[in-house]
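The structure appears below as structure tokens.
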Amino acid sequence: MEEKKKCLCGCSDVRVVTCSGASNVGQIANQAAIELAREKVAGFFCLAGVGAHIKGMVKSAKEADLMVAIDGCPVQCAAKTLQHAEIEPAIQIVVTELGIEKSHEIAVDKKYCSMAVEKVKEELGYKRPDPTSCLNRGEKVYDYTE
Ligand code: SF4
């Protein structure tokens, strides 16, 4: 059996999905995932592929070491989409729970986006005792088998 690739600190392959909903909070969730990917905290994963039951994408999502779901509001469409595919997100963030009111003005306030990003990092800190020690930061590069 092929050995799974891991980064040197063993906490590789953190992935993030978002609801990307048609509201300010849905778009804050989406922009937060973009920032997390840019900072190489987590790989941005296509949730629509999971919702569409694309076999390879569901398989790939199941292989993540740690899945983060960012939802705009308590309806939690992202987390539920994962759960329908029998994938339990290790971390669930709901943007409205950060004190941001939902509206249908599709505007992303950078300050609110940063709050969501920081919340994910905080939660990852709980899961990973020293996240700064990770040399890989969410990118699958290292391979113990090589
Ligand atoms: S979680 Fe809320 S904001 Fe996101 S898609 Fe669902 S209803 Fe819309």
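Counted from 1, the sequence shown has number 690 at position 144 by this note's numbering; the numbering is strictly sequential. Even for Gly, the Cβ is constructed at its ideal location relative to N, Cα and C.
- Remark: C-beta atoms of Ile646 and Val666 do not approach each other more closely than 8 angstroms.
- Using a Cβ distance threshold of 8 angstroms, Thr627 and Leu593 count as a contacting pair.
- For Thr627, the enclosing alpha helix (DSSP H) starts and ends at Cys623 to His630.
- Within the DSSP bridge table, the entry for Phe590 names Val562 as partners.
- Met603 and Ala631 have their alpha carbons spaced roughly 11 angstroms apart.
- By a beta-carbon distance limit of 8 angstroms, Ala636 contacts Leu612. Their separation comes to about 5 angstroms.
- Taken through DSSP and simplified to helix, strand or coil, Ile574 comes out as helix.
- In terms of CA proximity to Val571, Ala624 leads the group Glu668, Val560, Gln629 and Ala624.
- Put simply, of Ala653, Lys586 and Tyr658 the residue whose alpha carbon is nearest the alpha carbon of Leu644 is Tyr658.
- In this structure, Ala598 lies away from Ala662, with their beta-carbon atoms at least 8 angstroms apart.
- Val666 carries a helical assignment under DSSP once its states are collapsed to helix, strand and coil.
- For the options Ile633, Ala578, Ala615 and Pro620, the alpha carbon positioned closest to that of Lys605 is the one of Ile633.
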